[in-house]
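What follows is a short report on a single structure.
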Amino acid sequence: MLLARLKAGGPAIAKQGILVAFIVFMITFSLMSDRFLSADNIMSVFRQSAIIGVMALGVTIVVIGGNLDLSVGSMLSFATVLVVDLHDKIGPELAIPVMVLATLCLGAINGFLIGILRLNSLIVTLGMLSAIQGLVLIYSGGQNVDIVDQTGTWFAIFGRGAMFGIATPIIIFLGLALVFHVIMTTMPFGRRVHAVGGNPTASIFSGIPRSRVVFMTYLISALCVAIAAIILGSRVMGSQNNVGLGYELQVLAAVILGGTSLLGGSGSILRTVLGVLMLAFIQNGLILMGQPYYTQWLVTWVVIIVAVWLDVAAKRGRLFSPIA
Amino acid sequence: MAYFYQNPLLRWLMRNPIWGFVLIIFIFFSLSADHFFSERNLMNIVVQTSTIGLIALGMTLVMINGNIDLSVGATLALAAAFAVDVQSWAAFSTWGNWQILPAVCLALLVGILMGAINGFIVWKTGVDAFIVTLGAMLGIRGLVFVYTGEQSFYAMNFAYSDFSFMTIGPFPVLAVIFGIAVLAVHWLLSRTVHGRNTYAVGGNREAAVNAGIRVGPHMMINFMLIGFLAALSGVLLSTQMGAATPNLGRDYELWVITAVVLGGTKLTGGKGDIIGTLGGVLAIGILRNGMNLMQVPAFYVYVILGSILIAVLFLDKRFNRTADGGLRL
Amino acid sequence: MNVNREPALRLQGIVKTFPGVRALDGVDFEVMPGEVHALLGENGAGKSTLMKVLAGMYQPDEGQIIIAGQKVRMTTPIEAKAQGVILIHQELSLVPEMSAAENIYLGELPRKSLGRVDWKTLEARSNAILKRLRCNFRAEVTVANLSIANQQMVEIARALTVDARVVIFDEPTASLTDAEKVVLFDIINDLKAQGVGIVYISHRMDEIFTLSDRITVLRDGGYRGTLNTADTNEDEVTRLMIGRSLDLSRDEAAREFGKTMLDVRNLTCPGLFENVSFSVRAGEVVGFYGLVGAGRTEIAETLFGLRKPTSGEILVDGETVEIGSPRAAIAMGISLVPENRKEQGLVLQMNCRDNMTLPQVQDLTAGPFLSQGAELAIFDQYRDRLAIKTPSWRQSAGVLSGGNQQKIVIGKWLSMQPRVLIVDEPTRGIDVGSKSEIHQLLRELAAQGYAVIVISSEMPEVLRVSDRIVAMYHGRIMREFSIDEVTEDSLVQAISGITSDTAA
Numbered sequence: 324m325l326l327a328r329l330k331a332g333g334p335a336i337a338k339q340g341i342l343v344a345f346i347v348f349m350i351t352f353s354l355m356s357d358r359f360l361s362a363d364n365i366m367s368v369f370r371q372s373a374i375i376g377v378m379a380l381g382v383t384i385v386v387i388g389g390n391l392d393l394s395v396g397s398m399l400s401f402a403t404v405l406v407v408d409l410h411d412k413i414g415p416e417l418a419i420p421v422m423v424l425a426t427l428c429l430g431a432i433n434g435f436l437i438g439i440l441r442l443n444s445l446i447v448t449l450g451m452l453s454a455i456q457g458l459v460l461i462y463s464g465g466q467n468v469d470i471v472d473q474t475g476t477w478f479a480i481f482g483r484g485a486m487f488g489i490a491t492p493i494i495i496f497l498g499l500a501l502v503f504h505v506i507m508t509t510m511p512f513g514r515r516v517h518a519v520g521g522n523p524t525a526s527i528f529s530g531i532p533r534s535r536v537v538f539m540t541y542l543i544s545a546l547c548v549a550i551a552a553i554i555l556g557s558r559v560m561g562s563q564n565n566v567g568l569g570y571e572l573q574v575l576a577a578v579i580l581g582g583t584s585l586l587g588g589s590g591s592i593l594r595t596v597l598g599v600l601m602l603a604f605i606q607n608g609l610i611l612m613g614q615p616y617y618t619q620w621l622v623t624w625v626v627i628i629v630a631v632w633l634d635v636a637a638k639r640g641r642l643f644s645p646i647a
Numbered sequence: 035m036a037y038f039y040q041n042p043l044l045r046w047l048m049r050n051p052i053w054g055f056v057l058i059i060f061i062f063f064s065l066s067a068d069h070f071f072s073e074r075n076l077m078n079i080v081v082q083t084s085t086i087g088l089i090a091l092g093m094t095l096v097m098i099n100g101n102i103d104l105s106v107g108a109t110l111a112l113a114a115a116f117a118v119d120v121q122s123w124a125a126f127s128t129w130g131n132w133q134i135l136p137a138v139c140l141a142l143l144v145g146i147l148m149g150a151i152n153g154f155i156v157w158k159t160g161v162d163a164f165i166v167t168l169g170a171m172l173g174i175r176g177l178v179f180v181y182t183g184e185q186s187f188y189a190m191n192f193a194y195s196d197f198s199f200m201t202i203g204p205f206p207v208l209a210v211i212f213g214i215a216v217l218a219v220h221w222l223l224s225r226t227v228h229g230r231n232t233y234a235v236g237g238n239r240e241a242a243v244n245a246g247i248r249v250g251p252h253m254m255i256n257f258m259l260i261g262f263l264a265a266l267s268g269v270l271l272s273t274q275m276g277a278a279t280p281n282l283g284r285d286y287e288l289w290v291i292t293a294v295v296l297g298g299t300k301l302t303g304g305k306g307d308i309i310g311t312l313g314g315v316l317a318i319g320i321l322r323n324g325m326n327l328m329q330v331p332a333f334y335v336y337v338i339l340g341s342i343l344i345a346v347l348f349l350d351k352r353f354n355r356t357a358d359g360g361l362r363l
Numbered sequence: 002m003n004v005n006r007e008p009a010l011r012l013q014g015i016v017k018t019f020p021g022v023r024a025l026d027g028v029d030f031e032v033m034p035g036e037v038h039a040l041l042g043e044n045g046a047g048k049s050t051l052m053k054v055l056a057g058m059y060q061p062d063e064g065q066i067i068i069a070g071q072k073v074r075m076t077t078p079i080e081a082k083a084q085g086v087i088l089i090h091q092e093l094s095l096v097p098e099m100s101a102a103e104n105i106y107l108g109e110l111p112r113k114s115l116g117r118v119d120w121k122t123l124e125a126r127s128n129a130i131l132k133r134l135r136c137n138f139r140a141e142v143t144v145a146n147l148s149i150a151n152q153q154m155v156e157i158a159r160a161l162t163v164d165a166r167v168v169i170f171d172e173p174t175a176s177l178t179d180a181e182k183v184v185l186f187d188i189i190n191d192l193k194a195q196g197v198g199i200v201y202i203s204h205r206m207d208e209i210f211t212l213s214d215r216i217t218v219l220r221d222g223g224y225r226g227t228l229n230t231a232d233t234n235e236d237e238v239t240r241l242m243i244g245r246s247l248d249l250s251r252d253e254a255a256r257e258f259g260k261t262m263l264d265v266r267n268l269t270c271p272g273l274f275e276n277v278s279f280s281v282r283a284g285e286v287v288g289f290y291g292l293v294g295a296g297r298t299e300i301a302e303t304l305f306g307l308r309k310p311t312s313g314e315i316l317v318d319g320e321t322v323e324i325g326s327p328r329a330a331i332a333m334g335i336s337l338v339p340e341n342r343k344e345q346g347l348v349l350q351m352n353c354r355d356n357m358t359l360p361q362v363q364d365l366t367a368g369p370f371l372s373q374g375a376e377l378a379i380f381d382q383y384r385d386r387l388a389i390k391t392p393s394w395r396q397s398a399g400v401l402s403g404g405n406q407q408k409i410v411i412g413k414w415l416s417m418q419p420r421v422l423i424v425d426e427p428t429r430g431i432d433v434g435s436k437s438e439i440h441q442l443l444r445e446l447a448a449q450g451y452a453v454i455v456i457s458s459e460m461p462e463v464l465r466v467s468d469r470i471v472a473m474y475h476g477r478i479m480r481e482f483s484i485d486e487v488t489e490d491s492l493v494q495a496i497s498g499i500t501s502d503t504a505a
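Chains as they are written, first to last, in our numbering: chain A, 324 to 647; chain B, 35 to 363; chain C, 2 to 505.
Below, the structure is given as structure tokens:
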């Protein structure tokens, strides 16, 4: 039945699958918990999802360009430790640009190895995940870092501040989402990323500088990580040296849930936002229902596989794989 | 130069460059780290390596198939938790040391089951193994936390933790188990029909389907094998620690994939072997051990490993660039 | 032929539909033991679907398959093989990392106890088969190390592992040299003599007329008739294939050529082509004719900045240029409609408009944003001019027919207003109607002053569209013909490496 609908409606319905699932989840949870749909709760979910959300925006662009970025987790550790540590040493007005620059350098290394040298992105970013984690540990000497004067610094506005009654992390996340959405859908760069991810060979044959485009996607990803690190450092006013451990997976899960294909060439920033929020609301809803914290991971498992399965099934026009 | 190509040992090294690397770091650490070249330390390396090594054997199969399994670390933790917990179940309280047996069996079965779930989903849904096992990596880890209540389990039966100190002749029992597993998987891959089909499925899937190889069940068997090996690794790790922690095996998928790729197995499938994987595993083991002996902080190992992984990829690309036929793409 | 014998294989009233397409519509086909039965049809006529039905890869919706008088159902290639029906794929379906022997017995490796491979039996049997095929390599070698022709032999060897009743050859000579072809034909005749029924699928008329006993023609999924090869000729077969006589007419209006737009002097890319010199004038179509692998595509790729020549000169509009990348080529006014439209020409999941404007996407802007209006204007213009049939510009390129896809690619490059347009295999895999439209278009473009290079492996095509024909063989230009002096024979000789000196 569902499949027949999927077939009949074609891509339109398949594209909205995540939206339908999202609404179903929201209704279910709101029936089970009064607090779930309260303004306070929704705000807090948005705020908590901002860090993963901002990172997911960058990774979405990398994935649309036909690659993966598994290094964002340890890159987040790197950036957060750096900005927090430098905050007390050289002040926030210098710490932020230095950190952003350093993080962009890491992104540039990814971009060079994958875009210019054309190495496999899965392995390269896996290697970078390890190498950057090592860098963080070397830099911090294995210690966690803190900002001493936690109340007297304007650095606090990024994670703890608010504008017009809306927490800054939410504004940053949704603002960036809008900016990247506009770039990806209405600007030449977005078109080129889609082309390179969809068919790298045909892109070259159309005169698109594939190497440069891929390189840029990794710079964007690194920039997003840097911004996420500012929010995180500002909120916590300190950082563990492995704070980003495992984030790459949560981020990738959100991107996949948003319907962006790992094969490249298709995907959408706005649906990634939906994927991020869905994961955040699942987490929040399960906790409100009194489930152990990690139950959300189990649910995420099922949700990811079902979501991707339906997507794949809609494309091939049958539910089960034809292989024997 | 002619000699270079005729010498069978050198030719073999050309095909398995990782063993050249193993040889170099082995000599390097023997000369520069005081306690490196001792029987005791070498056995140590093998024991330390066996945890990642066992999983790497399974990963080689899965990757030659053209798949990947990211959930092995979580499966390892789940199996370890079962192995330690089940022996203290009331039902087995009168079994004495035999209570270990059902615990270990159950733990291994759980590993096989997790592999079967992954394999079945890959087979039936046609979703890429990367996504399936990425989901499972989160999900199974969640299962571990929920099952353990986020607590560590400690083995009450000392026979369990004593097991890891046992030796068979001069060899630690863990090294012996790893050795047997290496031989068994090597035999499976190079001598049996299933092993040869593993190459066929990864090398040219359509051809394999047309030749009547049942690709779905075939891949599922390999996922079950890696599940079993991850579980075995988890059991052995928990005997070494006398405990199982819910965070056990985090990052292991990274180490394992690094080892397998170092050993020359291709992510795209169809290529690789156990000899290479063993080299990759030993390279990581020797590096960690040797640097530890030289009192290099463990942090540097991460950086070095990451760099080596990328360097191997780069060299492989340099020397095997035929795919694009010289076209500047 | 003894008419009373049972056919080795008979298909009756086979119908196979796919969503939206009736790929086979009541097709009858039979092959007798010891007969070579050729199967002919244009691309899209249903040959490959029929072949897959024969080989058990597709199940027909209606109709019967009868093997040696028995009605059978074959749901997998393995079941078909068990019935003695074996397909030899056009695209090699070998596992490169495995030995020839393992490939020959893929899926049915001989076993010993414990699931072990019985290597002795495997290698003995494989070597015996290779010997029967007169192959000069051992079964133990890794397939990746074999030449394409030898890999094809391994593919054929697979057919001989069982008692084959029917062997289906799908375009087997596509990648073979003439000498290798002779061996292949010997093998086919051997099989024939052993009473095996052969289904032979090919585009090449000469092969079909030398080899086959009967010819069955398909068109648009329908059965169009079976002819005795001895009683027919190429014209009749062609007529059946395309439903009418092939229109080889040219607009014979005298043509004025402008100045030389592209001049290539002694261009060399070792191993691919050597000392290649030619020129193209505005308003002229130069056809490059030769066998696959003769170096024609590689020259086009070099002119488009995708390969670096080791020596030689390229002059565009009188100026010596270095072409370092496709971007540079585009900037100089060179456009390439590539050989492989799906891999090189289009981003399949992208819509038609976006595909068409891809090379100039950075210029079609209003401020920093893409200008929808400018993009649509280009799309509309070339949709009308090329008569592209698509419901909307939003349609993804992947779902269009081959002809319309090709027109999108051509439109993409025409919209760049090139000075030199290179078109590589413009009508490969395209239906007859679109084919002649594209030929017409190429002539018109030249008339408007474009300098056009057409690379093609189809003789009627080069003869129809070219003003001059360059014949290539093994990376060298053998001869240049003006359209008035060219004959089919001289062209065939030139691309087979027969020059006037060596022919004697």
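Ideal Cβ placement from N, Cα and C applies to all residues, glycine included.
Everything numeric in this text was worked out from a predicted model, so none of it was measured.
Within 8 Å of any Cβ in chain A, is that where the Cβ of residue i sits?
i                      : result
leucine 510 of chain C : The shown model of chain C, from 2 to 505, leaves out residue 510 of chain C, and the question about it has no answer.
valine 400 of chain C  : no
How big is the Cα-Cα spacing for residue i and residue j?
i                         : j                         : result
leucine 263 of chain B    : leucine 222 of chain B    : 14 Å
lysine 48 of chain C      : leucine 41 of chain C     : 7 Å
glutamate 184 of chain B  : glutamine 274 of chain B  : 20 Å
histidine 517 of chain A  : valine 338 of chain C     : 21 Å
leucine 342 of chain A    : leucine 380 of chain A    : 18 Å
glutamine 418 of chain C  : arginine 352 of chain B   : 38 Å
glycine 196 of chain C    : methionine 33 of chain C  : 9 Å
isoleucine 348 of chain C : proline 360 of chain C    : The sequence shown places valine at residue 348 of chain C, not isoleucine. Their Cα atoms are separated by approximately 12 Å.
glycine 434 of chain C    : asparagine 341 of chain C : 20 Å
asparagine 128 of chain C : alanine 101 of chain C    : 9 Å
lysine 390 of chain C     : arginine 384 of chain C   : 8 Å
Within a Cβ cutoff of 7 Å, which residues of the same chain sit near residue i, ignoring the five residues on either side of it in sequence?
i                         : result
methionine 254 of chain B : Ala150, Gly153, Phe154 and Trp157
aspartate 26 of chain C   : Val16, Gly222 and Gly223
So with Cβ pairs under 8 Å, would you call residue i a contact of chain C?
i                        : result
serine 644 of chain A    : no
histidine 220 of chain B : no
alanine 357 of chain B   : Residue confidence for alanine 357 of chain B is low, a pLDDT of 47 falling below 50, so the modelled location carries little weight; the figure read from the coordinates is stated next. False, the Cβ-Cβ gap to chain C never drops below 8 Å.
Just to confirm my understanding: we take residue i, look at its own chain, exclude 5 residues before and 5 after, and list those with CB closer than 8 Å. What are they?
i                        : result
leucine 288 of chain B   : none
glutamate 481 of chain C : Phe279, Arg469, Ile470, Val471 and Ala472
Taking 7 Å as the cut-off, does the CB of residue i come closer than this to any heavy atom belonging to the ligand COA?
i                         : result
isoleucine 350 of chain A : Although the ligand COA was asked about, the structure shown includes no ligands whatsoever.
Can you find a C-beta in chain B that's less than 8 Å from the C-beta of residue i?
i                     : result
proline 78 of chain C : yes
Does the structure place the region 292-300 of chain B close enough to the region 137-150 of chain B that three or more beta carbon pairs sit under 8 Å?
no
Does the contact criterion of 3 or more C-beta pairs under 8 Å hold for the region 599-619 of chain A versus the region 45-57 of chain B?
no
Please confirm if the region 457-469 of chain C is in contact with the region 286-298 of chain C, defined as three or more CB-CB distances below 8 Å between the two stretches.
yes
Between the region 157-173 of chain C and the region 105-123 of chain C, are three or more C-beta pairs nearer than 8 Å?
yes
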